[in-house]
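Numbered by this note's numbering, the letters in the sequence shown go through residues 36 to 129 in order.
Data first, discussion second: the structure below is written as structure tokens.
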Amino acid sequence: MRKHLHPGEHVRDILIDGAGLTVTEASERLGITRTSLSRLINGHTGITPEMALRLSTLLGTSIEMWLNLQMHYDVWVLKKANKQIGVSPLKEAA
């Protein structure tokens, strides 16, 4: 199973490394606190629908793109952990 990047790493690649913005500048452009952006780009928090809207508006991308990145990452983490959730399948009707 190949490693998925946390969506925050994509944000860092685009805004900090690619556009050359500082975390402070990027957070101001997004209308969020520096702490919120720092937590995202360091993988401590995920992309919420509101953050997806902010990113899509700033970067000219779709909200769905950002939410899909987050969803795929979340599914990868669950599969990697092979977490048992204690749910058994519904038996098929005879």
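All residues carry an ideal CB built from backbone N, CA and C; glycine is no exception.
In this text the structure is predicted, and so the values were computed from the model without any measurement.
Quiz item: With DSSP run on the structure shown, which of helix, strand or coil describes glutamine 105?
Solution: In the sequence shown, the residue the question calls residue 105 occupies position 70. The answer is helix: DSSP assigns glutamine 105 an H, G or I state.
Exercise. Below 8 angstroms CB to CB, which residues in the same chain sit around arginine 69 once its five sequence neighbours on both sides are set aside?
Key: Mapped onto the sequence shown, residue 69 falls at position 34. If we look at arginine 69 and ignore the five residues flanking it on each side, its Cβ neighbours are Val58, Thr59, Ser62.
Exercise. Measuring alpha carbon to alpha carbon, tell me which of Leu104, His41, Ala87 ends up nearest isoleucine 67.
Key: To locate residue 67, count along the sequence shown from 1; it is residue 32. When each option's Cα is compared against that of isoleucine 67, the closest is Ala87.
Practice problem: Specify whether the region 41 to 50 and the region 78 to 97 touch according to this definition: at least 3 beta carbon pairs, one from each stretch, less than 8 angstroms apart. | Solution: yes
Practice problem: Below 8 angstroms on the Cβ atoms is my guess for isoleucine 82 versus leucine 113; work out the distance and round it to an integer in Å. | Solution: If you number the sequence shown from 1, residue 82 lands on position 47. If you number the sequence shown from 1, residue 113 lands on position 78. 17 angstroms between Cβ atoms; not a contact.
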